[in-house]
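Novice:
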Amino acid sequence: MIWQLDLLILILVVLCGIGAIMIRDLLGTAILFGAYSFMMCLLWAIMGAVDVAFTEASVGAGVSTVFFVATVYHTTRRTKD
Amino acid sequence: MEEVLRLVVERYNYWIYITLMMIGLYALIAKNNLVKKIVGMNIFQTAVILFYVSIGVKKGATIPIIEHNYDMAHQAIRAADYVNPLPHVLMLTAIVVSVATLGVALAITIMVYHRYLTLEEDEILKQIRES
């Protein structure tokens with residue numbers, strides 16, 4: 180485990196998380212949450228948990244993003260906060 | 002003082018996990034939009050999973066796949082050379098469960114939108130009180 184890479188990706192994860200709940204657009208939330216899941220997948224590959232990493236890449240970053248985009252398509256993009 | 006500072010710097014990953022957990026909890030409690038609440042719930046779940054996976058990491062260890070060569074098969078396996086795979090297997094289940102809960106939550110969100118035509122929690126509560 181390389182700690183510089185670990186720290187860099189952890190900071191990116193926190194930034195993506197804050198952005199996902201702060202942005203005033205639900206499609207932006209969906210995309211930033213996909214980026215968050217992908218950073219999380221990289222973090223698990225660094226930690227040596229390759230099985231968790233590819234499950235997260237397919238299920239977390241793939242299927243979750245599709246679910247969120249489908250929800251935004253069926254409802255609305257507008258949000259107040 | 003120096004001891005405390007060293008503890009904070011050496012365990013930086015735990016502080017960041019707690020930060021992520023608090024971001025998720027904040028979104029779950031303080032946000033008004035239903036989709037953002039669900040995003041907060043997912044951030045909270047992944048923070049907990051991240052904490053559990055980080056327990057199994059060892060310094061200088063490789064991924065948990067045993068090296069099999071022709072003449073190495075009868076050698077003893079040293080557990081210190083491999084990352085602990087038990088938290089990985091448990092958290093694999095947790096990821097699949099989290100995606101299932103996400104699907105159910107988003108389906109309920111779509112139903113709520115079709116009934117009240119809004120995703121904001123205060124407007125939904127106002128419509129419920131008026132009816």
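If you're matching them up, the sequences are chains A and B in order. Taking the numbering used here, I'd label the letters of the first sequence as residues 180 to 260. Taking the numbering used here, I'd label the letters of the second sequence as residues 2 to 132. Heads up, the beta-carbon is just placed ideally off N, CA and C, and yes, glycines get one too.
1) Looking at the secondary structure, which residues open and close the alpha helix (DSSP H) in which Tyr-18/B lies?
2) How about Tyr-53/B and Met-23/B: do their beta carbons lie closer than 8 Å?
3) Between the region 18 to 40 of chain B and chain A, which residues of the former have CB atoms less than 8 Å from a CB of the latter, in chain order?
4) Classify Asn-34/B as helix, strand or coil using the three-state DSSP reduction.
5) Expressed to the nearest angstrom, what Euclidean distance is found between the alpha-carbon atoms of Lys-259/A and Pro-86/B?
6) Out of Ile-129/B, Lys-37/B, Ile-125/B, Ile-109/B, point me to the one whose CA is closest to Ile-197/A's CA.
7) By the DSSP assignment, the alpha helix (DSSP H) with Pro-88/B in it spans what residues?
8) Please look up how many angstroms separate the CB atoms of Asp-123/B and Asn-33/B, rounded, as I've assumed it's under 8 Å.
9) Write down the C-beta distance between Thr-20/B and Val-193/A rounded to the nearest angstrom, noting that I regard them as a contact closer than 8 Å.
10) From Val-84/B, Glu-11/B, Ala-31/B, Val-40/B, pick the residue whose C-alpha is nearest to that of Leu-205/A; which is it?
11) If the cut is a Cβ gap below 8 Å, which residues of chain B does Met-219/A touch?
12) If I follow the unbroken alpha helix (DSSP H) through Ala-249/A, where does it start and stop?
13) If you draw a straight line from the C-alpha of Phe-246/A to the C-alpha of Ala-81/B, how long is it?
14) Would you mind telling me which residues of chain A sit closer than 9 Å to Ser-132/B, beta carbon to beta carbon, in chain order?
15) Ser-132/B: buried (16+ other C-beta within 10 angstroms of its C-beta) or exposed?
16) With a threshold of 8 Å, are at least 3 pairs of Cβ atoms found where one atom belongs to the region 202 to 217 of chain A and the other to the region 228 to 247 of chain A?
17) Tell me the rounded alpha-carbon separation between Leu-6/B and Ile-56/B.
18) By alpha-carbon positions, which one of Val-90/B, Ile-78/B, Pro-65/B, Gln-76/B ends up nearest to Leu-51/B?
19) So, helix, strand or coil for Glu-121/B, using DSSP?
20) Nearest by alpha-carbon distance to Val-238/A: which of Thr-110/B, Gln-128/B, Val-98/B is it?
Specialist: The relevant details are as follows:
1) DSSP places Tyr-18/B in the uninterrupted alpha helix (DSSP H) bounded by 13 to 31.
2) No, these two residues do not count as a Cβ contact at 8 Å.
3) Residues passing the 8 Å Cβ filter: Thr-20, Leu-21, Ile-24, Gly-25, Tyr-27, Ala-28, Lys-32, Asn-33, Asn-34, Val-36, Lys-37, Val-40.
4) In this structure, Asn-34/B counts as strand in the three-state DSSP scheme.
5) Distance from the CA of Lys-259/A to the CA of Pro-86/B, rounded to the nearest whole angstrom, comes to 43 Å.
6) In this structure, Lys-37/B is the residue among Ile-129/B, Lys-37/B, Ile-125/B, Ile-109/B with its C-alpha nearest to the C-alpha of Ile-197/A.
7) Run containing Pro-88/B: 87 to 117, per the alpha helix (DSSP H) assignment.
8) Contact between Asp-123/B and Asn-33/B holds, with the beta-carbon distance rounding to 6 Å and staying under 8 Å.
9) Sure, about 6 Å apart at Cβ, within 8 Å.
10) Closest option to Leu-205/A, judged by alpha-carbon separation, among Val-84/B, Glu-11/B, Ala-31/B, Val-40/B: Val-40/B.
11) Chain B residues near Met-219/A: Thr-47, Leu-51.
12) Where Ala-249/A is concerned, the enclosing alpha helix (DSSP H) stretches over 243 to 253.
13) Answer to the nearest angstrom: the Cα atoms are 41 Å apart.
14) At a C-beta separation below 9 Å, Ser-132/B has no neighbours in chain A, since its nearest C-beta there lies roughly 20 Å away.
15) It counts as exposed.
16) These segments touch.
17) Taking the CA atoms as reference points, Leu-6/B sits about 22 Å from Ile-56/B.
18) Distance check between Leu-51/B and each of Val-90/B, Ile-78/B, Pro-65/B, Gln-76/B places Val-90/B closest, using alpha-carbon atoms only.
19) Here Glu-121/B sits in strand by DSSP.
20) Comparing Cα-Cα distances from Val-238/A to each of Thr-110/B, Gln-128/B, Val-98/B, the minimum goes to Val-98/B.
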